[in-house]
Structures are given as C-alpha cells and as structure tokens.
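Down below is the structure, laid out as structure tokens.
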Amino acid sequence: MNSHRFFIALVPPPKIQASVNEIKRYFKQHYASRKAFNSPPHITLQAPFEWPSDRGLDELIEGLKWFALKRGKIAIALRNFGAFPPKVIYVDVVQNPELMVLQKDLATFIENRYGIADHRYRNFCPHMTVAFRDLTKTAFHQAWPEFQQKTLTFNFTAQQLTLLRHDGQRWQTYQNYSFENSTSTNDS
C-alpha cells in the first residue's frame, strides 16, 4: 500500500528562515552536515507520520483546518543554541504556555481523530534544528563549544500551522492553516 509522509510544524517568516539557513550553510561548509537542508527551518509539532494513499487527503486537510481555526496566534522567541549530544545542534525555542498547549492539543487531536500517536513528543522540547544525522560525533564535539557560546535572538508571531510533505528527496510545504481565533491571539 502506498502512503504519503507528512509532519506538522510552525515555520518562521522568510527573513528568519534565511538567517537560519545561513547557519545551516555554515554547518555544511565547516562540518559537512547538510541533512538539515532537507526541510525548511521549522519547529516540529507533530513528528513525521505515514498517511495511507487510499485514505484520501481531504480528511487530514479538513481536520487540520478545523483545528487551526480554533487557535490564536502565538508569540515565538528564538534564543541562542542548544544540543542533543552527540548528533544534534539547534536554535533554542523559548518555551511558553501557549506553544506547549498548542503542541499537546495537536498531539491529542491527531491521536484521537486519526489514530496517529508519537509518544516521543509527549515530552516536547521545542527547537529549530541546524545540524543533525550526518553531523559526526567528532564534528559535534568541535562545533558545540563554538555554538554553545554564540548568542542569537529572533522573535516572531506564529500565524499558522504548516503541513509538510516528503517528496522523496526533501520536505516541502504542502499546505498552511491559519490560526483564526482572535480571542486567544498573543502578539507580545
């Protein structure tokens, strides 16, 4: 049976994407780590999952549209760098209650509505990966002391959920779902 691979994320505005892609480019040039280029800069809310071709995409699309309509915009702060030793370096995302609730509610919604569960994301640690998988342990141990000391600050307002689909080579934006509930908007 054929299936499509998707994941759900918050994608920053183009200017922040460009800055994060510059960091990814640095890792590619200095540490031979290029796998992070297989997706746009993002904060994963729902890890990759398989969607059977025979199930039809309308069910998924309509469900995510409905979910997003009930949500307000969320203030996102990116601060400095973090790591999951010995393979991952990321831009750190400051945890805030709205972001944590969004991820928890989305995971519950996806599990209850579609039967898709990824219990690794029950302990959500928001981040934006800049180097992983193909970053060797040696390269990690060279890069982490450098990035551990670097400062970085970006703020943006997440205005939509993004559904990304794997095209066989990389992850591409498939569809966006706007947060429409103005009563829970947080633009601070």
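Each residue of the sequence shown is one higher than the last, beginning at 851 in the numbering used here. Ideal placement from N, C-alpha and C gives every residue a C-beta, glycine not left out.
Exercise. Can you name the start and end residues of the beta strand (DSSP E) that Asp998 belongs to?
Worked result: The question names Asp, but residue 998 is Gln in the sequence shown. First-last for Gln998: Lys987 to Gln998, but that is the alpha helix (DSSP H), not the beta strand (DSSP E).
Exercise. Cα separation between Asp1037 and Asp984?
Worked result: For Asp1037, the predicted model reports a pLDDT of 38, less than 50, meaning its position is unreliable; a value from the coordinates is still stated below. So the two alpha carbons sit approximately 37 Å from each other.
Problem set entry | Where Val944 falls: helix, strand or coil (DSSP) | coil
For this session: Taking only the alpha-carbon atoms, compute the straight-line gap between Leu919 and Asn1031 and give it to the nearest angstrom.
Result: 6 Å
Exercise. With burial defined as no fewer than 16 other Cβ atoms inside 10 Å of the residue's Cβ, what is the status of Gln953: buried or exposed?
Worked result: buried
For this session: Report all residues from its chain with a CB closer than 6 Å to the CB of Phe1004; omit the five preceding and five following residues, and keep chain order.
Result: Ile866 and Leu928
Exercise. How is Glu912 classed by DSSP in three states: helix, strand or coil?
Worked result: helix
Problem set entry | Three-state secondary structure (DSSP) of Glu1030 | coil
Problem set entry | Three-pair Cβ contact test at 8 Å for the segment 867-875 versus the segment 894-901 | no
Exercise. Given a threshold of 16 other Cβ atoms within 10 Å of its Cβ, counted over all protein chains shown, does Thr1012 qualify as buried or as exposed?
Worked result: buried
Exercise. Just curious, the alpha helix (DSSP H) that Phe857 is in, first and last residue?
Worked result: Not the alpha helix (DSSP H): Phe857 falls in the beta strand (DSSP E), residues Ser853 to Leu860.
Exercise. Who are the near neighbours of His991 in its chain, counting only those whose CB is closer than 8 Å to its CB and skipping five residues on each side?
Worked result: Pro936
Problem set entry | C-alpha gap between Gln999 and Arg921, whole angstroms | 36 Å
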